[in-house]
Structure formats: C-alpha cells, structure tokens
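Participant:
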Ligand SMILES: Nc1ncnc2c1ncn2[C@@H]1O[C@H](COP(=O)(O)OP(=O)(O)O)[C@@H](O)[C@H]1O
Ligand SMILES: [Mg+2]
C-alpha cells in the first residue's frame, strides 16, 4: 500500500460557454517520505491537480487515498505552498506563521514557541515581530515554509514555490528545503516547469502533457543524483544526461501538441 | 535610511520650493480678500441689492450675535450630529450589505437589478416618503443622510472585496478555513483601504442628505435656517448658514482625510 494514491482523477471546469477538460485519467502513487515532481508546460493542469489533492476543489471523477483511506474522510492537514509567499502584510511574521492552527481551531498555548522554533529552523531569528514587507523574497518564502510546517502536514504540496525568486536565492532555498523535508520526513509533491529543478530535487518525476492534462511518463531519478544536494546534483554527469532526455521528450510533446491544435 | 547628503544646489532648490509655496498662499489670500471686499463694496454702493445679497459685515455681525446668544452652537450642533450619524450609519450599513453580497453569490445575483435602480435613483427624491414613514424628526433626517451613501459605498466596497488576490483565500482554504474565516482574515483587512476611501465621499453625501432633510421637515439646524431665512426674506441669515455649512463641511472633510491618512499609515 502506498502512502498517497491517485486513482483515475479527471477534472473538467464548467462555465456557461465551455466545459474545459483540464485533467484526464491521472493515476499514480507516492511512497512515504518521497519527493515527487510534476513537470509540464503551463496550462497542463498542474495547479488543478494540486488543488484537488489539497481538497480545494473536488475532482469530476476519481478518488484520492492517503494511508489507504479516502482523503476527504480524514481530518488531516495538508501543506500548500504557492508561487509567491502570500504572507498577510497586516500580520506580523509570528502571526503569519501561526495562522494554520488558528484557522484549524487547534491553537494551544505552546504554539508561539513552536512557531519561533520553526522560524529558527528555517534560518530566521529576531524577525518574529517584523512585518512581511521588511523581509526579502527569499526570507518571505522561508516564512511561508514555516507557516506550512506549523500544522504538521501529512503531505506537502509545492506549486512552483521558487519561480518568483532570483536564481541564486532559488538554489539556496531548494537545498534548504530538501534538507528540511528530509529532516521532517515529509512526503512532498512539487509542481514545476523547470526541468533542472525537478531533477535536482526529486526521487521521481512525472512528466505531464497538456490538452487535456495527463501523465505522459514516469522518470526515476538515478540514485547517484538523488542523494546529492540540489546544487551538487546539477554538476553530476547523470543530471545532464537526464536533462537532455527530458528536454527532448518535452519538445516532442510540444510539437505534437501544436500539431493537434491545427 | 539613505545617508544624509547635501549639495549647494539643493539649498537653491529648497528656496525655490518655499518661494513657490509662498506664492500659492498669496494667490489664495488675494482671491479670498478680493471676493469679500468686492461683495462688501458692491453691496454698500448698491451695485447689488443688499436686501438679497446682504454683505459680509452683516453676516459677520449676525454671526457674532448668534455666537453670543448660543444659537449658533445650538443649530450647528444638531446638523453636525445628524451628518455624522448619517455618515456612520450609511457607511457601516454599506459595508454590511457588501458583506452579504460577497457572502452569497445568489443573493447578489437576485438583488442586482434592484441595486442598479436604487443606485441610479436620486435618493433625496425619497425624502417625503421617509418623512411620512419615520415622522418629522431626527430619525428621518439621519436616514436621509445615511440612505444617500449606503448603496454606493456597498457597491464600491463589494468591488474591493472582489479585488483581493484569490491566492490569500487559497492559503486560508488550504488550512480548511470557513467562509467567515476567509472574510475575517483576508477579505476585510485587505479591503480596509477601499473602505476608508469611501469615507471622504460619504461625508460629503451625508451633508447633502441632511441639509435636504432639514429643508423638508426640521425646525432646527442649519438647513432649517436657510429655508426659514428664505421664507422671511432674511438673506443675511441664509448666507450666514451657508458660510457656516461650507466651513463645517470643509472641516469635516479634512478631518476624514486626516483620519484616512492616519489609518492607512497604521495599517502599513
Ligand atoms: N477556474 C478555472 N476555470 C476554468 N478553467 C480553468 C480554471 N483554472 C484553470 N483552468 C484551465 O485548466 C487548465 C489547467 O490549468 P492549471 O491547472 O492552472 O495549469 P498549470 O498550473 O499547469 O499552469 C488550463 O487550460 C486553464 O485554462
Ligand atoms: Mg499553475
């Protein structure tokens, strides 16, 4: 039994004029503690898929199971990180980090200390009483990570959380995130359109195609690359080989997609 | 903080700046003095009918007299109270209405045509009906002051609610937030600047509602003094009330503007 199981997930968006087929028959499984990437061009339904797993929207068809039980029948916390930090500008950093337990009505008095501990863990001290606009983009995304971890999520969903950062910050944060998640043994799904990021961070990659969004192929990242930090991984020969392979595959998909459109 | 630097040209620039400001002040004072001087002179020389247009000296005399016998304070107090009450009630009711419009899409769709009509309607035309319904007293006048700004602020604030970045809601929903929690934690605080921006407009609108209301029913207040002065052909009284209203409305507007600045700064 896998930790997370998606079985035949399909999704359609309805409105008065259209019925958009966003996801088609998506099935895959994730083992506990694994890091999975969903790689695909924009518009292939990555955000839709994460929103479904996070139960923000209901899939038109299909089921999701976590630890063998339907996900919607359990009161489990799922962490969701977005492209940008979306910290609330009118709340202090500490209050931002604490919002999860408060919303879930699970607030206990020790949580302020827990939040401060997490902030230290993400490398930020003495900023608890500052406001988000006093922090840099990289710091803010770290706060967002702390906020996400605050509810001890059983699953972490990362929707291109590095895409709004400059390259250097992004590399540092990638490495940092991987370490954190290994520490906490989190099962994570990362959505990205950056091939390098997918290879450097994941155990497994699912390549997606668009129109409708579907899993095209499953790529296992070789052991040697997997065990390196994202920065080191980028220097490994196997990384480059895999990069080329995926690059070609994505180009192929792109051409097919263009051809099917005309 | 950038380090403090200076340059000889900067002093010249500062001097020019204060000179410009001084010139503007002069210009404003000249207009003010000329206007009242011309009014006074033309009234004395009978270029205009002093019985209709009065004169600044008569208005000032009246003002001093009413200030001393307490009637200035009496009428002013009533009108200011009605305006403030109308303003607060109208604004708060507008925000509450906006909340319901946001909370239920269906409700907002159902009431949409009525809002459009009611928004387009000149609210002061409702005056007689309000007075018949609520009786000739404070409540009618305050209602006039409130009703004139409630719909427009509801629509503006509702718009503001919609402009809040949906991703804030997504963050909250990922923690399982209810609709009310979404409102309390994201929608309302993010829309506060919009809500505050309706204050200045609303305070002006409330003045209109209250003065018209006083025209229609009141036996006290500045609007009443205007109508009364008109009826007994005492235009010094009319102009006195007018000057007072202009002064108070400007003061209130400035007060709200300062309040707005202060609040926005606090929210930062
Ligand atoms: N709320 C929505 N209503 C209608 N169509 C949508 C909505 N959200 C996304 N879509 C459509 O679904 C498809 C997948 O979108 P999305 O999941 O955002 O892709 P990605 O995150 O991979 O860029 C796109 O064609 C998009 O236009
Ligand atoms: Mg997306």
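Protein chains in written order, with the numbering used here: chain Z, 19 to 280; chain G, 673 to 940. Built from N, CA and C at the ideal position, the CB exists for glycine as well. Nothing here was measured: the structure is a model prediction, and the numbers come from that model.
1. Does any CB atom of chain Z fall closer than 8 Å to the CB of residue 701 of chain G?
2. What does the alpha-carbon distance come out to for the pair residue 137 of chain Z and residue 145 of chain Z?
3. Does residue 204 of chain Z pass the burial test, meaning 16 or more other C-beta atoms within 10 Å, or should it be called exposed?
4. Quick one: does residue 8 of chain Z have its CB under 8 Å from some CB of chain G?
5. Run through the DSSP bridge pairs and tell me what residue 226 of chain Z is partnered with.
6. For ligand 2, is there a heavy atom less than 7 Å away from the beta-carbon of residue 64 of chain Z?
7. Does any CB atom of chain G fall closer than 8 Å to the CB of residue 74 of chain Z?
8. Would you mind listing the alpha helix (DSSP H) stretches within the stretch 50-87 of chain Z that are 4+ residues and don't spill past its ends, in chain order?
9. Anything in chain G within Cβ reach of residue 61 of chain Z, meaning under 7 Å, just list it in chain order.
10. Any idea which residues DSSP pairs residue 30 of chain Z with across the strands?
11. Is residue 856 of chain G close to chain Z, meaning its C-beta is less than 8 Å from at least one C-beta of that chain?
12. So, helix, strand or coil for residue 177 of chain Z, using DSSP?
13. How would you write the range of the beta strand (DSSP E) that residue 98 of chain Z sits in, first residue to last?
14. Could you name the residues of chain Z that residue 894 of chain G contacts, counting a contact when the two beta carbons are closer than 7 Å?
15. DSSP on residue 890 of chain G, reduced to helix/strand/coil?
16. Could you tell me whether the Cβ atoms of residue 796 of chain G and residue 884 of chain G are closer together than 8 Å?
17. I want to verify the contact list: residues of chain G whose CB lies under 7 Å from the CB of residue 169 of chain Z, in sequence order.
18. Is residue 723 of chain G helix, strand or coil when you go by DSSP?
19. With 8 Å as the limit, tell me which residues of the stretch 820-851 of chain G have their beta carbon closer than that to any beta carbon of chain Z; keep them in chain order.
20. Starting from residue 787 of chain G, trace the beta strand (DSSP E) in both directions and tell me its first and last residue.
21. Please name the residue, chosen from G:702, G:894 and G:709, that lies closest to residue 738 of chain G on a Cα-to-Cα basis.
22. Since residue 912 of chain G contacts residue 735 of chain G with CB under 8 Å, what's their CB separation in whole angstroms?
Facilitator: According to the structure data:
1. no
2. 9 Å
3. buried
4. With chain Z represented from 19 up to 280, any question about residue 8 of chain Z goes unanswered, as that position is not in the structure.
5. Z:233
6. yes
7. yes
8. 64-71
9. The contacting residues do not exist; residue 61 of chain Z stays about 18 Å from chain G at best.
10. Z:39
11. no
12. strand
13. 96-99
14. Those within 7 Å of residue 894 of chain G in chain Z number zero; the least Cβ separation is about 40 Å.
15. coil
16. yes
17. 847
18. helix
19. 837, 839, 840, 842, 843, 844, 845, 846, 847, 848 and 849
20. Run containing residue 787 of chain G: none in the beta strand (DSSP E); it sits in the alpha helix (DSSP H), 777-792.
21. G:894
22. 6 Å
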